[in-house]
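*Asks:* Numbering (the working numbering), first residue to last: 6 to 266. Got a structure here, written out as structure tokens. Questions coming.
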């Protein structure tokens with residue numbers, strides 16, 4: 006059986022991103038989203054999530070861009086700058102990420118899964134703290150940090166996968182069987198999404214995306230993903246995509262219970 010979770014990152018980034026995510030869920034094939042505790046539109050996202058109880062909500066853990074919930078200081082802009090901070094032990098990963106999860110809990114949201122902004126949990130030291138926190142807060146799923154559809158990555162990902170899965174099992178945390186969407190960031194549209202859906206294998210797959218509406222907040226935000234979010238929203242609400250999912254006998258589901266959607 007092919008089961009598919011389609012997750013929108015960056016919930017809480019801006020109000021127009023939030024609106025696009027809700028649009029993709031209500032009128033399209035999006036089943037899940039991950040919420041940024043330090044996002045400028047965090048409160049708006051919390052409100053919208055209450056209006057959409059069928060939208061699965063996780064925590065989008067942030068260590069680059071934005072500001073720390075603990076200190077109020079800005080995070081580094083780039084993942085490579087984060088690596089330098091980690092090497093110098095100038096960032097308490099555990100305490101920072103714990104504060105972000107607790108912010109969701111205080112807002113009345115119990116995360117069903119964890120992933121990370123800019124995919125920083127692919128760093129082994131970060132991944133260890135993420136699965137540790139997932140275990141402590143009884144959060145069942147953490148994103149598999151490997152997209153083997155990236156060119157030339159199939160075999161390296163297969164080799165690295167054993168490390169991440171072994172560590173997740175140590176903390177009694179689950180991951181999906183497959184992960185897609187990372188290499189399509191910025192280029193996901195109806196055509197590329199249709200092509201990706203043709204590669205879905207048996208088992209549980211997470212498909213990462215970044216839909217949104219291009220309003221004034223997103224236009225002024227520091228991100229390269231602007232017009233591309235509109236294209237992703239169009240793909241996620243496309244009748245062609247929904248028909249293709251049905252034709253391929255792919256079952257849409259969620260992290261929360263992995264039942265059919």
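Glycine included, every Cβ here is placed at the ideal spot set by N, Cα and C. Here the structure is a predicted model, which means the values were calculated and not measured.
In the DSSP assignment, find the beta strand (DSSP E) that holds residue 181 and state where it starts and stops.
*Replies:* As a first step, residue 181 must be located in the chain shown, where it is residue number 176. It is not in any beta strand (DSSP E) - residue 181 carries neither H nor E in the DSSP assignment.
*Asks:* Between the alpha carbons of residue 253 and residue 202, how many angstroms are there, rounded?
*Replies:* Along the chain shown, read from residue 1 onward, the residue named residue 253 stands at position 248. Along the chain shown, read from residue 1 onward, the residue named residue 202 stands at position 197. One C-alpha to the other measures close to 8 Å.
*Asks:* Identify whether residue 13 lies in helix, strand or coil by the three-state DSSP scheme.
*Replies:* In the chain shown, the residue the question calls residue 13 occupies position 8. Note: residue 13 maps to strand in three-state DSSP.
*Asks:* Look at the Cβ atom of residue 180, then the Cβ atom of residue 149, and state whether they are nearer than 9 Å.
*Replies:* Taking the first residue of the chain shown as 1, we reach residue 180 at position 175. Taking the first residue of the chain shown as 1, we reach residue 149 at position 144. A contact, by the Cβ cut-off of 9 Å.
*Asks:* Pull the bridge partners of residue 7 from the DSSP assignment, please.
*Replies:* Translated into the one-based positions of the chain shown, residue 7 becomes position 2. Its beta-bridge partners are 208 and 255.
*Asks:* Is residue 198 helix, strand or coil when you go by DSSP?
*Replies:* The residue you call residue 198 lines up with position 193 of the chain shown. DSSP places residue 198 in helix when its eight states are reduced to three.
*Asks:* Just reading off the alpha helix (DSSP H) that residue 233 is part of, what are its end residues?
*Replies:* In the chain shown, counting from the first residue as 1, residue 233 sits at position 228. Residue 233 -> alpha helix (DSSP H) spans 232-241.
*Asks:* Report the residue ranges of all beta strand (DSSP E) runs contained in full by the stretch 101-181; include only those spanning at least 3 residues, in chain order.
*Replies:* 118-121
*Asks:* Using three-state DSSP, classify residue 30 as helix, strand or coil.
*Replies:* Taking the first residue of the chain shown as position 1, residue 30 is located at position 25. Three-state DSSP puts residue 30 in a helix.
*Asks:* Exposed or buried, residue 248, counting other C-beta atoms within 10 Å across all chains shown (16 or more means buried)?
*Replies:* Position 243 of the chain shown, counted from the first residue, corresponds to residue 248. It is exposed - the Cβ of residue 248 has fewer than 16 other Cβ atoms within 10 Å.
*Asks:* If contacts are defined as beta-carbon pairs under 8 Å, then residue 272 and residue 65 qualify, I think. What distance do you get, rounded to the angstrom?
*Replies:* Because the chain in this structure spans residues 6 to 266, residue 272 falls outside the shown range and cannot be described.
*Asks:* Helix, strand or coil: which one does DSSP assign to residue 38?
*Replies:* Numbered from its first residue, the chain shown carries residue 38 at position 33. It is a strand residue.
*Asks:* For residue 244, which of helix, strand or coil comes out of DSSP?
*Replies:* The count along the chain shown starts at 1 and reaches residue 244 at position 239. Correct three-state label for residue 244: helix.
*Asks:* Consult DSSP for residue 88 and reduce its assignment to one of helix, strand or coil.
*Replies:* One-based indexing of the chain shown puts residue 88 at position 83. The answer is helix: DSSP assigns residue 88 an H, G or I state.
*Asks:* By the 10 Å Cβ neighbour count, where 16 or more other Cβ atoms means buried, how is residue 234 classified, buried or exposed?
*Replies:* Within the chain shown, numbered from 1, the residue matching residue 234 stands at position 229. Classification of residue 234: buried, given that the 10 Å Cβ count is 16 or more.
*Asks:* Within the same chain, show all residues whose beta-carbon is closer than 8 Å to that of residue 131, passing over the 5 residues directly before and after it, in chain order.
*Replies:* Start at 1 with the first residue of the chain shown, and residue 131 comes out as number 126. Cβ within range, chain order: 68, 91, 98, 121 and 125.
*Asks:* Could you have a look at residue 71 and say whether DSSP puts it in helix, strand or coil?
*Replies:* Locating residue 71 in the chain shown gives position 66, where the first residue counts as 1. Three-state DSSP puts residue 71 in coil, outside helix and strand.
*Asks:* Roughly how many whole angstroms lie between the Cα atoms of residue 258 and residue 55?
*Replies:* Here the question's residue 258 lines up with position 253 in the chain shown. Here the question's residue 55 lines up with position 50 in the chain shown. About 19 Å.
*Asks:* Can you give the Cα-Cα distance for residue 115 and residue 93, rounded to whole angstroms?
*Replies:* The residue labelled residue 115 in the question sits at position 110 within the chain shown. The residue labelled residue 93 in the question sits at position 88 within the chain shown. Looking at the two C-alpha atoms, the distance is approximately 33 Å.
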